[in-house]
Amino acid sequence: MSSSEKQLSLFNGSVRWPWADWFSDREAPGMQLYDRQLLFAIISLIAFGFVMVMSASMPEAQTLTHDPFYFVWRHLFYLLGCAVIASVVLRISMERWQQFSPWMLLGVAVMLIAVLIVGTKVNGASRWLSLGPVRIQVAEIAKLVFTMYMAGYLVRRHQEVRENMKGFYKPIAVFVFYALLIILQPDLGSVIVLFVITVGLLFLAGARLFDFFVLLLAGSIVFTGLVVFEPYRMRRVTSFLDPWEDPFGSGYQLTQSLMAYGRGDWLGQGLGNSIQKLEYLPEAHTDFIFAVIGEELGFVGIVAVLAVLLFVAIRALKLGHKCVAMERPFEGYLAYGIGIWICFQTVVNVGASIGMMPTKGLTLPFISYGGSSLWVMTAAAMVLIRIDYERRLSLIQAVQGRTS
3 MSSSEKQLSL FNGSVRWPWA DWFSDREAPG MQLYDRQLLF AIISLIAFGF
53 VMVMSASMPE AQTLTHDPFY FVWRHLFYLL GCAVIASVVL RISMERWQQF
103 SPWMLLGVAV MLIAVLIVGT KVNGASRWLS LGPVRIQVAE IAKLVFTMYM
153 AGYLVRRHQE VRENMKGFYK PIAVFVFYAL LIILQPDLGS VIVLFVITVG
203 LLFLAGARLF DFFVLLLAGS IVFTGLVVFE PYRMRRVTSF LDPWEDPFGS
253 GYQLTQSLMA YGRGDWLGQG LGNSIQKLEY LPEAHTDFIF AVIGEELGFV
303 GIVAVLAVLL FVAIRALKLG HKCVAMERPF EGYLAYGIGI WICFQTVVNV
353 GASIGMMPTK GLTLPFISYG GSSLWVMTAA AMVLIRIDYE RRLSLIQAVQ
403 GRTS
């Protein structure tokens with residue numbers, strides 16, 4: 003292993019937390035070869051998520067399994083998986099990701115088809131592939147793989163996307179194929195995330211505004227049709243508009259979530275003191291964990307969590323801008339896509355729990371319970387660290403080349 007590769011190791015050397023430079027991205031001579039602030043933010047979110055999953059899941063675990071630590075032990079297993087994933091992803095060069103992104107896209111498509119045939123059903127939805135004791139939600143993997151495919155496509159066909167309708171709609175055709183497979187599970191939330199990533203990357207790549215608006219119009223029409231012609235989705239929309247009309251039926255989950263926020267006030271009831279998690283609020287440790295955070299840690303707590311998530315998303319977008327400026331387009335578009343993904347999924351999760359958006363079943367990045375989401379988000383975050391590492395390494399080598 004070269005000296006530069008050693009510097010990528012997360013635990014080599016003494017630990018120093020540069021608090022004063024947390025929101026700074028200055029790059030001085032002799033800089034580290036990875037973004038310490040970004041890494042610290044990601045680890046902090048994952049650690050905080052473990053604490054909140056422990057707090058929010060115990061009552062339901064006691065009822066379901068008579069073991070209050072059932073979900074805690076499983077989450078610890080997921081964290082172990084995160085460590086393995088991080089160690090592997092950090093060692094894979096971006097050139098390899100770009101090279102194999104079309105094959106990964108094909109592999110995930112096969113997995114999505116397999117989910118419809120031999121998938122495991124939970125709450126009426128067939129979204130998981132069972133591999134022994136582990137269940138994999140393939141739609142989560144699809145988000146990362148599709149983002150990599152889009153980044154690679156925009157590198158190969160950048161000029162065609164900017165000037166030709168055919169170049170614009172080729173990736174849309176791939177998105178539609180993926181969307182159909184995911185809708186059949188059904189999982190509308192993941193389809194919306196993929197759509198936003200697609201639209202965002204095409205916009206950043208400089209697609210023609212006419213094509214862009216046609217895509218947005220078509221997407222809006224399709225989304226409206228999917229909601230109107232599916233009764234359970236329509237109930238979600240109507241309950242989101244007025245949850246108090248049926249507080250013990252279709253609006254139950256949202257009303258309980260709003261009660262949690264109301265009890266939280268400014269400073270919260272204290273860690274572990276949530277009432278709503280005592281089986282009043284469904285999915286308290288997954289989709290609605292942010293409501294438990296609001297009840298236990300209050301307005302100050304939720305602002306702090308959102309600030310760290312915003313920091314990660316902005317760091318990813320800044321990284322994308324720097325890579326594109328350095329003529330590293332694949333890395334740039336991939337960082338852009340991951341930043342858009344983290345930001346949008348956070349907005350949808352939080353918006354659903356506070357009644358600003360319909361419930362979509364999307365997890366809070368890095369925090370909610372769920373192995374597939376946590377593993378894929380960890381992989382995406384480590385891809386960001388690797389992108390920044392290669393970018394910084396190229397800067398140092400360029401400086402050394404000029405001075406030699």
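Reminder that position 20 of the sequence shown reads as 22 in my numbering, one-by-one numbering, no gaps. We treat Cβ as the ideally placed atom computed from N, Cα and C, and that holds for glycine. Remember, it's a predicted structure, so these values are computed and weren't measured experimentally.
Coil, strand or helix - residue i by DSSP
| i | result |
| --- | --- |
| T67 | helix |
| K362 | coil |
| T122 | strand |
| L82 | helix |
| W246 | helix |
| A30 | Per-residue confidence for A30 stands at a pLDDT of 48, beneath the threshold of 50, marking its modelled position as unreliable; the derived number appears in the next sentence. Three-state result, A30: coil. |
| S370 | coil |
| S259 | helix |
| S128 | strand |
| I223 | helix |
| S276 | coil |
| P188 | coil |
| Y155 | helix |
| D2 | Here the chain covers residues 3 to 406 and nothing more, so residue 2 does not appear. |
| M60 | helix |
| W268 | coil |
| W99 | helix |
| G410 | Absent from the structure is residue 410, since the part of the chain shown begins at 3 and ends at 406. |
| R404 | helix |
| N166 | coil |
| M328 | coil |
| H323 | helix |
| F50 | helix |
| F25 | Its pLDDT being 46, under 50, F25 is placed unreliably in this model, and the value from its coordinates should be taken loosely. Note: F25 maps to coil in three-state DSSP. |
| L92 | coil |
| Y338 | helix |
| Y282 | coil |
| F231 | coil |
| G202 | helix |
| Y171 | helix |
| T288 | coil |
| D37 | coil |
| R210 | coil |
| G303 | helix |
| G446 | Outside the modelled stretch of the chain, which goes from 3 to 406, sits residue 446, for which no answer is possible. |
| L397 | helix |
Alpha-carbon spacing of residue i relative to residue j, whole angstroms
| i | j | result |
| --- | --- | --- |
| F214 | P188 | 27 Å |
| D69 | A63 | 6 Å |
| E247 | L376 | 35 Å |
| V1 | G109 | Shown here, the chain extends from 3 to 406; a query on residue 1 therefore has no answer. |
| W24 | F42 | With a pLDDT of 44 at W24, under the threshold of 50, the modelled position of that residue is not reliable, and the figure given next carries that caveat. W24 and F42: Cα-Cα distance of roughly 10 Å. |
| E297 | A209 | 44 Å |
| V328 | W105 | The sequence given here has Met at residue 328, not Val. Straight-line Cα distance between these residues: approximately 27 Å. |
| G169 | V385 | 27 Å |
| V178 | V124 | 25 Å |
| A220 | G372 | 32 Å |
| V140 | V294 | 27 Å |
| W130 | D244 | 32 Å |
| L182 | E142 | 15 Å |
| G227 | G272 | 43 Å |
| P31 | D37 | With a pLDDT of 49 at P31, under the threshold of 50, the predicted position of this residue should be treated as unreliable, though the coordinate-derived value follows. Whole-angstrom Cα-Cα distance: 14 Å. |
| R388 | K145 | 18 Å |
| I398 | P331 | 19 Å |
| I87 | P249 | 42 Å |
| V230 | L196 | 21 Å |
| S259 | F290 | 7 Å |
| P367 | T405 | 43 Å |
| M167 | G339 | 22 Å |
| M396 | T149 | Residue identity differs from the one stated: residue 396 is Ser in this sequence, not Met. Using only the alpha carbons, I get a separation of about 24 Å. |
| L186 | A383 | 29 Å |
| G251 | M261 | 16 Å |
| V378 | L78 | 16 Å |
| Q278 | G266 | 11 Å |
| A153 | G334 | 8 Å |
| V198 | L156 | 16 Å |
| R394 | L336 | 17 Å |
| S114 | T122 | Residue 114 is actually Leu in this sequence, not Ser. Distance between the alpha carbons of L114 and T122: 12 Å. |
| Y391 | S89 | 14 Å |
| S103 | I94 | 13 Å |
| L206 | G403 | 32 Å |
| Y72 | Q161 | 53 Å |
Per DSSP, cross-strand counterpart(s) of residue i
| i | result |
| --- | --- |
| V136 | L133 |
Contact the stretch 309-327 vs the stretch 274-290: 3+ CB pairs below 8 Å: Fewer than three Cβ pairs drawn from the stretch 309-327 and the stretch 274-290 lie within less than 8 Å of each other, which leaves the two stretches out of contact.
Quick check: the stretch 337-357 against the stretch 49-59, are there 3 or more CB pairs under 8 Å? Cβ pair count under 8 Å is below three, so no.
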